[in-house]
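Please read the structure below before turning to the comments.
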Amino acid sequence: MTHITVTVDGTKYSDEVEPRTLLVHYLREQVGKTGTVVGCDTSNCGACTVHLNGRSVKSCSVLAVQADGADVSTIEGLSTNGELHPMQLAFHENHALQCGFCTPGMIMQSIDLLNENPHPTEHEVRDGLEGNLCRCTGYQNIVKAVLAAAGATDSEATR
Amino acid sequence: MTVTEDRPATEFGSPRLRKEDAHLVTGRTRWTDNISLPGMLHLAMVRSPMAHAKIRSVDTDAAKQGSGVIAAFTGADLADDHAGLPNAWPVTPEQKAPEHKAIAVDTVNFAGEIVAVVVARSAAEARDAAELVDVEYDDLPVVLDLNDAAADKEVVYPDLGTNVSAVWTFDSGEAGTGGDVEEAISGAELVIKRTYRQQRLIPAFIEPRSTVVDPTGEQTTVWSATQIPHILRLMLALTCNISESKLRVVAPDVGGGFGGKLQVTPEEVTTLLVARRLGKPCKYTETRSESLMAAHHGRDQIQKLTLAANRDGTVTGLKVELLADMGAYLGLVTSGVPILGAFMYNAIYKFPAYHFTCTNVFTNKAWTDAYRGAGRPEATYAIERLMDELAAELDVDPIEIRERNWIKHEEFPFTTVAGLEYDSGNYEAATEKAKQLFGYDDLRAEQQRRRDGNDPVQLGIGTSTFTEMCGLAPSRVLGSLSYGAGGWEHASVRMLASGKVEVVTGSSAHGQGHETAWSQIVADRLGVPFDDIEILHGDTQVSARGLDTYGSRSLTVGGMAVLAAADKVIDKAKVIAAHLLEASADDIEFASGRFTVRGTDSSIGLGDISLATFAAHNLPDGVEASLDADATFDPVNFSFPHGTHLCAVEVDTETGVVELRKYVCVDDVGTVVNPLIVEGQVHGGVAQGIAQALFEEAVYDESGTLVTGSFVDYLVPSAADLISITTDRTESQSTTNELGVKGVGEAGTIASTPAVVNAVVDALRPLGINDIQMPCSPSRVWKTIRAATSSASARTDGGAA
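In order, the protein sequence lines correspond to chains A and B. If you read the first sequence in our numbering, its first letter stands for residue 90, the second for the next number, and so on. If you read the second sequence in our numbering, its first letter stands for residue 2, the second for the next number, and so on.
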């Protein structure tokens, strides 16, 4: 067992973990962050995407011990004081989810995408979400939501 | 108290944002795998790497010594605890089916079949120990090729004596719905014969299947990522010899199904049996690789087709000879899936003669069963490809050839050659709208320019004018098809003392948006605010009766049950309203949530009646203190959505790469409750149909190992693989249900596959190509082009010599 200290959604956790424990299993099983989910075992689906020190990672391809001392944010830490994050709101308003299983990862990846490129084209959004699979929506409304969120961010920035 | 303020004049038809999103976008989710119970144990399955083998021995001794391991069981250990897994659809009285135990006992019949289960205190420990189970196998001949299997070259089940499970036939001459197809073929001016391959697909829901069983207490609770909690409860009770009343099944948040979670699975049965053996809560969650290997697959048919036509383009007969791969076992509705297609090969057309034969065949592959569309995409693909072939043969525009054969809007209701009565539709209107949105004539002109200029990137245009049978299903029809259950749906409306409303539906959603759509229906009917309505489903303790979600049935059948229950509430409330308003019930009118004495301003709201009923201080004599009502709705007919889908692709003849250029679809799904949700269903459905056309195939190697056993190799398309499509609608209301709705869950998937492949073939037809097997991957397209051009040059060379 290895001792790690990780900040998850603003709260600091100190835990003993097996060195082989994946970050996603640590988050789900030890921290109780079940909002982050596992959809595959080959890092293809992106359902487990979280932010590690502000950048999106697939938490199935990071060991918990690699997150020692790091700051992790998950879908559960996005809204503040009951206010949805603009990306969460954009997904809701654009009907960008159906079953919702890919949604946590999709939203985390979309936020990272806009952090990198605040004014993406549709093509850039599609490329930027290539590592996240959705089986329900055909991606059309997801792409629309990300573009809408980019617009919202833009108008907020000019306020 | 008034309950009618702050609501739009009508919810029905408005693009309400979904109420179920709130917990899904914030991660406050209840997936089965999230469940953790005190003392819960974890299961790991040991699966066969062999496709067909005798099990010589299974040694679990080392596994039982593993860290944290509580127990391990073989097939023999649990064989007596349950009957075989159920097949609810014996399509013929003679249907042959092997016994299917949850864990294989002495023979494995596909790679991925469970041979042992290990139970440990953590999932990781269970998986570690599963590696220690030692299984010895003796190879048996592997049956993989569908044609060879049908010819019984080797048999999967020697005891059955054949690989043929059943042969099912429909003949319009015999049924009295049309003429004799052989006469039509022999007398035809033109006969087109084709053989198409419906490749094997995997539903690939994004939430892996998971089951938690809590055997503590007097009633055993099963949580499962399933589409069918009610059917699952009945089947588990029957299979595992448990009183149905002692079982509660819950489908909590379920992450997609697409037919793939319409099953009673070996994993569910195993988890239940182990939990009962050990008396402790148990959880099993599959890995993606296990899911791809062992959750049921879809499609996998060979379609031999003969179309007879006149030179004027009128089709005179269609003969369909189908081989359908069951895989190794018959699941819940495995054998019925191709039969659902039997009624759809004639599609929107007025064919005078039709014959359909389906041969259901066993192989040593994963079992097949329902996958989005189930039988109908295969049928639609075949006929829509054939109509393009007919058009090409006669050098007529593909839309024109369809128009010469389709049912005109004034001809409804129309009884088809397959014996179904189509209630309504307007193929002309949907097609005209789609052509306009698509810019059909301009794209045809561009196509001609590229052909004339020998552009290495050719443009292809594909058409699909589909219909489908939805709203499964009238119970009597299911009975006539030997299906083991009915097709009704149940609902309850519960009026709470505070005026809030609980609606219980037997239709269990897993992404379809029932909570929102059902709320809209009830809000309008009862005049109650949308937000005051709570939709409850997916728990047999709450929703006691139901037949669940599949076959685009939820709204057409379940929505009608909700409407009927709401009407009963109004009827009950009216009696109490009359009493409280001191009027005759005959003089009471109900509108927008208020009961009014006709011709007066004396009125009372439904919420006030709810409270008065709860208090029960002043009810009429003999009237019970409850407004709650139940209703069961059994449809009188299927519903028949239709639409016209047009696709343009660019095919690079030098690389074989197919790029989607434009996709337009105009769907007619009858009345629309929520256009946002309908559009979303079409988007997702079209994407899955495109995936069959271009990307996905479950591939086995010669030893029967699934090569596409992870998302690295099974190509579920990503956002980068698809384009934004244009959707629109026409609206021909269904005349067989009061809502006028038709269903939309499978429409896109059924329509889009032939539209895309027709486009690919259209791009390459000048090269002498008239078919490309799906998926139209770059390598397959390139090889087809190479073969066509080299044979053309060989012909030229031969002529020169």
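Even glycine gets a Cβ: it sits at the ideal position worked out from N, Cα and C.
{"Asked": "I need the straight-line Cα distance from B/PHE775 to A/ALA136, nearest angstrom please.", "Found": "In the sequence under discussion, the amino acid at residue 775 of chain B is Met, which differs from the Phe named in the question. Cα-Cα distance, rounded: 28 Å."}
{"Asked": "Using the rule of at least 16 other Cβ atoms within 10 Å of the residue's Cβ for burial, across every protein chain shown, is B/LEU233 buried or exposed?", "Found": "buried"}
{"Asked": "If we require 4 or more residues per run, which alpha helix (DSSP H) segments fall completely within the stretch 80-134 of chain B?", "Found": "124-131"}
{"Asked": "May I ask which residues mark the beginning and end of the beta strand (DSSP E) holding B/ASP631?", "Found": "630-634"}
{"Asked": "Roughly how many angstroms lie between the CA atoms of A/VAL154 and A/HIS114, to the nearest whole one?", "Found": "12 Å"}
{"Asked": "What residues in its chain sit with their C-beta under 6 Å from that of B/ALA565, if we drop five residues either side in the sequence?", "Found": "ALA632 and PHE634"}
{"Asked": "Near B/ILE303, what residues of its chain come up, given a Cβ to Cβ distance below 8 Å and the 5 sequence neighbours on each side ignored?", "Found": "LEU147, ASN148, THR196, TYR197, ARG198, GLN199, LEU323 and LEU324"}
{"Asked": "For B/GLY258 and B/GLU291, I'd like the C-alpha separation in whole angstroms.", "Found": "16 Å"}
{"Asked": "In the DSSP assignment, what are the bridge partners of B/CYS666?", "Found": "B/HIS646 and B/THR728"}
{"Asked": "Name the two residues that bound the continuous alpha helix (DSSP H) containing B/GLY480.", "Found": "476-481"}
{"Asked": "On the DSSP letters alone, give me the boundaries of the alpha helix (DSSP H) that B/GLY685 sits inside.", "Found": "676-695"}
{"Asked": "Could you work out which residues of chain A lie near B/TRP32, taking near to mean beta carbons separated by less than 9 Å?", "Found": "THR123, VAL126 and PHE190"}
{"Asked": "Ignoring anything shorter than 4 residues or poking outside the stretch 139-193 of chain B, list the alpha helix (DSSP H) runs there in chain order.", "Found": "147-151, 173-176 and 182-187"}
{"Asked": "Closer than 7 Å, CB to CB, is B/ILE232 near chain A or not?", "Found": "no"}
{"Asked": "Buried or exposed, going by whether 16 or more other CB atoms sit within 10 Å of the CB of B/HIS297?", "Found": "buried"}
{"Asked": "Determine whether the Cβ of A/SER244 lies closer than 7 Å to any Cβ atom of chain B.", "Found": "Only weak support is given to the placement of A/SER244: the predicted model assigns it a pLDDT of 48, under 50, and the value that follows is read from those uncertain coordinates. Not closer than 7 Å to any Cβ of chain B, the Cβ of A/SER244 fails to qualify, so no."}
{"Asked": "Nearest to B/ALA80 by CA position, among B/ARG278, B/ARG17 and B/SER244, is which residue?", "Found": "B/ARG278"}
{"Asked": "Please confirm if B/THR288 has its CB atom under 7 Å from at least one CB of chain A.", "Found": "yes"}
{"Asked": "Which chain D residues are close to B/SER711, counting only those with a beta carbon under 8 Å from its beta carbon?", "Found": "The question asks about chain D, but that chain is absent: this structure's protein chains are A and B."}
{"Asked": "Examine chain A for any beta-carbon lying closer than 7 Å to the beta-carbon of B/VAL782, and answer yes or no.", "Found": "no"}
{"Asked": "Look at the Cβ atom of B/ILE36, then the Cβ atom of B/TRP224, and state whether they are nearer than 7 Å.", "Found": "yes"}
{"Asked": "Rounded to whole angstroms, what is the Cα-Cα separation between A/ARG224 and B/GLY374?", "Found": "15 Å"}
{"Asked": "Would B/GLY594 pass as a contact of B/VAL529 if the rule is Cβ separation under 7 Å?", "Found": "yes"}
{"Asked": "Between B/ALA419, B/GLY606 and B/ARG662, which has its C-alpha nearest B/THR178's C-alpha?", "Found": "B/ALA419"}
{"Asked": "Return the chain-ordered list of same chain residues with a C-beta closer than 7 Å to the C-beta of B/PRO767, the five sequence neighbours on each side being excluded.", "Found": "ARG452"}
{"Asked": "Using a C-beta to C-beta distance shorter than 9 Å, which residues of chain B count as neighbours of A/SER168?", "Found": "VAL26 and THR27"}
{"Asked": "Assign B/THR737 to one of two classes, buried (16 or more other C-beta atoms within 10 Å of its C-beta) or exposed (fewer than that).", "Found": "buried"}
{"Asked": "Give me the DSSP bridge partner(s) of A/THR94.", "Found": "A/SER103"}
{"Asked": "Compute the Euclidean distance between the alpha carbons of B/THR221 and B/ILE726, then round it to the nearest angstrom.", "Found": "47 Å"}
{"Asked": "Give the DSSP-derived three-state secondary structure of B/LYS573 in the structure shown.", "Found": "helix"}
{"Asked": "Give the DSSP-derived three-state secondary structure of A/THR247 in the structure shown.", "Found": "Reliability fails at A/THR247, whose pLDDT of 38 lies under 50, so the model's placement of it is uncertain and the value that follows must be treated cautiously. Helix, per DSSP."}
{"Asked": "Check whether the Cβ atoms of A/THR100 and B/VAL713 sit closer than 7 Å, and answer yes or no.", "Found": "no"}
{"Asked": "Look up B/ILE462 in the DSSP assignment and say whether it is helix, strand or coil.", "Found": "strand"}
{"Asked": "Consider the Cβ of A/TYR228: report whether some Cβ of chain B lies at a distance smaller than 7 Å.", "Found": "yes"}
{"Asked": "Using DSSP's beta-bridge definition, name the partner residues of B/LYS55.", "Found": "B/THR108 and B/ASP139"}
{"Asked": "Could you check how far apart the C-beta atoms of B/GLY681 and A/ASN230 are, in whole angstroms? I think they sit under 8 Å.", "Found": "6 Å"}
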